[in-house]
Amino acid sequence: MHIQFNTDNRITGDEALAAQAEQIVESRLNRFSSRLSRVEVHLADVNGPKGGSDDIVCTLEARPEGGKPVTVKGNAGQVESAIRDASDKMQALLDTHFGKLRTH
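Listed below in structure tokens is the structure:
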């Protein structure tokens, strides 16, 4: 499972942030790693300098092997919290996705 990290122009996407995002995503999605070819992490600050309680958006797109990409979004006031929120949502989505594949 390859993790690709991107940010908009309002969030500084340095190596430390990329490593933190990768660690969070891997910890949540590691059990699906053999079934995913890639996970894209995109961080955006929707309010810019105005701030706000949920102004950081983390969009995760997972690409299951041989399937269509699935996407979730997590919102929070802090980057780490947005990544964790999106990762938790993706974990639940993949549980459902792969669970349905098993029953068919």
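Under this note's numbering, the sequence shown has 540 at position 18, and the numbering climbs by one with no breaks.
Even glycine gets a Cβ: it sits at the ideal position worked out from N, Cα and C.
Residue i in three-state terms, based on DSSP
i	result
S559	strand
H626	Note on H626: pLDDT 49, under 50, position unreliable in the model; the coordinate value appears next. In this structure, H626 counts as coil in the three-state DSSP scheme.
Paired residues, beta bridge with residue i - DSSP
i	result
D567	I578
G596	C580
Separation of residue j from residue i, as counted between CA atoms
i	j	result
H626	L616	Any reading at H626 needs caution, since the residue's pLDDT is 49, under 50, leaving its predicted position unreliable; the model's value is listed next. C-alpha separation (whole angstroms): 15 Å.
V568	T529	12 Å
G574	P586	34 Å
S609	N552	11 Å
Rounded Cβ spacing between residue i and residue j (contact assumed at less than 8 Å)
i	j	result
Q526	V579	With a Cβ gap of about 17 Å, Q526 and V579 do not count as contacting.
8 Å Cβ cutoff met for residue i and residue j
i	j	result
T581	K595	yes
F620	R557	yes
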